[in-house]
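Take a look at the structure set out below.
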């Protein structure tokens, strides 16, 4: 299961590095930052489709079938990605379709991996779920480290070769797991019914899932918005009526918190190499992601003593504070040493977010079985894919416009500024992502043409200043991203106070009569 999770991060980081390479994203595909965010997002949000979908049926179809499906998806992406980059006579639109839909298929496979590994590990270690889920999820940063280093060392190799790296761990875990017997899930062995499992999610959980699904479908399908909204709302209502349950209020809150959490970790990781590209000059920007992943991997392996000393909610509170500090420090850091110090703070903050949340869900909603355990990941990945990564891309474009506007030299360029703001003549008209995120795109070719109207002696100085401001804007946008861990911090403090009012945080355990009781 650990190696299967490593495979998902192999696919994630190789695509991220590829899309962060301007030779691919700009020169080959002609994408702006917001569009790159969509390409990144499509390798994330479909994750939710498979992890939630398989969670509903995994006890029927079996863990081995799920594993085979995941492996097939990852291999199909490998073939599609290789064809898109290696072909010499393929038109741009065909390349884009292969890379876009290949990312979709990869995400389906990656979601299915988590659909089977999380309940397997939670079932194998019922007395120490948070500890072992943290150790399992060391596979994610572990894969980022190994694949990231391989891609960096293969810097001069063509991209089609780098995309093939995912096949290595995929084949390894397939050969290891194909002959294995998987355990019966904790919920099934305790005799909790399928309807009771759905009841833990209930109407409120269905409402959150329906909301993020609606946003994605509304952008992807040529269907009336009101009809889609009605269908998504009806699905949530139908779940509530069938289960006769509003769902666990705590589960509802955890689902909401998982949205900014996923964006803080996965969304920022997806962009960090591209954002910091202009901040580090002598090293590959990918080393920042590799470095933070090493810290995550080591600390997750050491989760036992940490989770023994601190309960899950205090761990999440501390993590939120560190993540805020890390992102704020990264936004203004300069020089390799300072950047890596700031990256250390960020890494310490994001390390325990994802697996500790899984631990809380598994310990507090054991009747939910594979569904609640995996739905939290599914909603998080759907939110970061639909809103998180595109929003971060849009933030960068907005920041580029505002940073160029305040450059002193910009005022010397005829027609560049109007009332202190960038002229609409050099802004791409209306851009809108997922029907909700609007952002302007600065047309640098247009800016260059306007600079030619400035005094000739000043043109070189003006160009250098504006170019520097535009390239450095992505890093400064990291400060805006602190809003995500700030939301989480507020939520976790309120959760801490809630549990304290109940006598303290205590895991719930299923007994043989399909009930639940407080554990030690």
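Numbering (our numbering), first residue to last: 154 to 673. C-beta atoms are modelled at their ideal positions from N, C-alpha and C, and glycine is treated no differently. Source: prediction; values computed, not measured.
- For the pair residue 199 and residue 291, the CB atoms are not nearer than the 8 Å cut-off.
- Residue 662: member of the beta strand (DSSP E) spanning 661-663, first to last residue.
- Rounded to the nearest angstrom, the gap between the Cα atoms of residue 184 and residue 498 is 32 Å.
- The distance from the Cβ of residue 312 to that of residue 177 is about 6 Å, consistent with a contact at the 8 Å cut-off.
- For residue 198, no alpha helix (DSSP H) segment is defined, and its DSSP state is neither H nor E.
- The shortest CA-to-CA distance from residue 627 to any of 500, 441, 439, 186 is the one to 186.
- For residue 208, the CB contacts under 6 Å within the same chain, skipping 5 residues up- and downstream, are 268, 523, 524, 527 in chain order.
- Going by beta carbons, residue 380 and residue 649 fall outside the 8 Å limit.
- If you draw a straight line from the Cα of residue 353 to the Cα of residue 660, it comes to about 16 Å.
- Contact between the region 325-338 and the region 461-480 is absent, with fewer than three C-beta pairs closer than 8 Å.
- Between the alpha carbons of residue 362 and residue 418 lies a distance of about 20 Å.
- Here the C-alpha atom of residue 161 lies approximately 19 Å from the C-alpha atom of residue 539.
- One alpha carbon belongs to residue 597, the other to residue 605, and they sit about 13 Å apart.
- A Cβ-Cβ separation of about 5 Å places residue 506 in contact with residue 414 under the 8 Å criterion.
- Secondary structure at residue 560: coil, using DSSP grouped into helix, strand and coil.
- Under DSSP, residue 575 takes part in a beta bridge, and its partners are 570.
- For the 8 Å CB-CB criterion, residue 416 and residue 512 do not form a contact.
- Counting C-beta atoms within 10 angstroms of its own C-beta, residue 543 has 16 or more neighbours from the protein chains shown and is therefore classed as buried.
- Three or more beta-carbon pairs drawn from the region 292-311 and the region 435-447 are found closer than 8 Å, and the two stretches are therefore classed as touching.
- In the same chain as residue 279, and ignoring 5 residues on each side of it, the C-beta atoms closer than 8 Å to its own belong to 339, 662, in chain order.
- Minimum Cα-Cα distance from residue 400 among the listed residues 422, 437, 358 corresponds to 358.
- In this model, residue 646 and residue 500 are separated by some 21 Å (Cα to Cα).
- The residue among 652, 639, 655, 155 with its C-alpha nearest the C-alpha of residue 412 is 639.
- Among the bridge pairs identified by DSSP, residue 381 is matched with none.
- Straight across, the Cα-Cα distance linking residue 408 with residue 537 is about 13 Å.
- Where residue 263 is concerned, the enclosing alpha helix (DSSP H) starts and stops at 245-277.
- In the DSSP assignment, the residues bridged to residue 581 are 594.
- The DSSP-derived three-state label of residue 180 is helix.
- In this structure, DSSP gives residue 402 a helical state, which the three-state scheme calls helix.
- When secondary structure is reduced to three states using DSSP, residue 335 falls in the coil class, being assigned neither helix nor strand.
- Residue 530 and residue 211 have their C-alpha atoms some 16 Å from each other.
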